[in-house]
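Numbering-wise (our numbering), the sequence shown opens with residue 3 and increments by one.
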Amino acid sequence: MTGPVTSPTPARGPGGAPAPLGPVVLRFSALPEHVRIARLVTTSLARRAGLVGGDVEGVRLAVGEACGRAVQRSESAGAAELVEVTATSRGGELVVQVVDHAGDDGLETEEVAMLLMEGLADEVAVTAGPGGPGGTTRLTWRPSAASSSTTTSGT
Numbered sequence: 003m004t005g006p007v008t009s010p011t012p013a014r015g016p017g018g019a020p021a022p023l024g025p026v027v028l029r030f031s032a033l034p035e036h037v038r039i040a041r042l043v044t045t046s047l048a049r050r051a052g053l054v055g056g057d058v059e060g061v062r063l064a065v066g067e068a069c070g071r072a073v074q075r076s077e078s079a080g081a082a083e084l085v086e087v088t089a090t091s092r093g094g095e096l097v098v099q100v101v102d103h104a105g106d107d108g109l110e111t112e113e114v115a116m117l118l119m120e121g122l123a124d125e126v127a128v129t130a131g132p133g134g135p136g137g138t139t140r141l142t143w144r145p146s147a148a149s150s151s152t153t154t155s156g157t
């Protein structure tokens, strides 16, 4: 018989706050099937950063939208460069940045994807990519009161 499945315990730094993590950088070809890998990696990092429950699911969904947007932009522009996902965590705050090199292809930011990301992350910023071309989507999650407290059960 196996025990209950538990999330990884967040790494703790001085004062009990989650220890800084990252940066963790993932680069992948702009193919839809690679988006799943980015979601899995960032979901694991969210747990290690101390996010819980709905916040972790929010990371999975929002990162999937941001990566899907980067893949779509890259495919539309015929860009061969890799999509880059960078995740860092400090003090329980998780920041995920997704960068494509699609250039200014005239694609508007999809309104539904933006609304979804804005509803899931504490902060969303979409800007031109490094050096001008491409796009950068930056998603930030801050620890909630529920994430900051530890739940214990009596035995």
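Here a beta-carbon is modelled for each residue, glycine too, at the ideal position from N, C-alpha and C. Just so it is clear, the structure is predicted and the values come from calculations on it, not from any experiment.
Practice problem: For THR90, I'd like the list of residues in its chain whose CB is within less than 8 Å of its CB, leaving aside the five on either flank, ordered along the chain. | Solution: Along the sequence shown, one-based indexing puts residue 90 at 88. The residues are PRO22, LEU23, GLY24, PRO25, VAL26, LEU96 and VAL97.
Quiz prompt | C-alpha gap between VAL61 and SER46, whole angstroms | solution = Looking up residue 61 in the sequence shown gives position 59. Looking up residue 46 in the sequence shown gives position 44. VAL61 and SER46: Cα-Cα distance of roughly 10 Å.
Self-check item: Sequence-distant residues of the same chain with beta carbon closer than 6 Å to ARG144, five excluded per side
Solution: Translated into the one-based positions of the sequence shown, residue 144 becomes position 142. The answer, listed in chain order, is GLU95 and ASP124.
Quiz item: How should ALA127 be labelled, buried or exposed, when 16 other C-beta atoms within 10 angstroms of its C-beta is the threshold for buried?
Solution: In the sequence shown, counting from the first residue as 1, residue 127 sits at position 125. Classification of ALA127: exposed, given that the 10 Å Cβ count is below 16.
Quiz item: Straight-line CA distance for VAL101 to GLY137?
Solution: Numbered from 1 along the sequence shown, position 99 holds the residue referred to as residue 101. Numbered from 1 along the sequence shown, position 135 holds the residue referred to as residue 137. Near 6 Å, if we compare the C-alpha coordinates of GLY137 and VAL101.
Exercise. Would you kindly work out how many angstroms separate the C-alpha atoms of HIS103 and ARG29, rounded to a whole number?
Key: Start at 1 with the first residue of the sequence shown, and residue 103 comes out as number 101. Start at 1 with the first residue of the sequence shown, and residue 29 comes out as number 27. Taking the straight line from one Cα to the other gives about 12 Å.
Exercise. Give a yes or no on whether the C-beta atoms belonging to VAL65 and ARG41 are separated by under 9 Å.
Key: Working through the sequence shown from its first residue, we reach residue 65 at position 63. Working through the sequence shown from its first residue, we reach residue 41 at position 39. Closer than 9 Å, so yes.
Self-check item: Option nearest ALA48 by Cα separation, candidates MET116, GLY121, ALA130 and GLY93
Solution: The sequence position of residue 48 within the sequence shown is 46, counting from 1. Closest by alpha carbon: GLY93.
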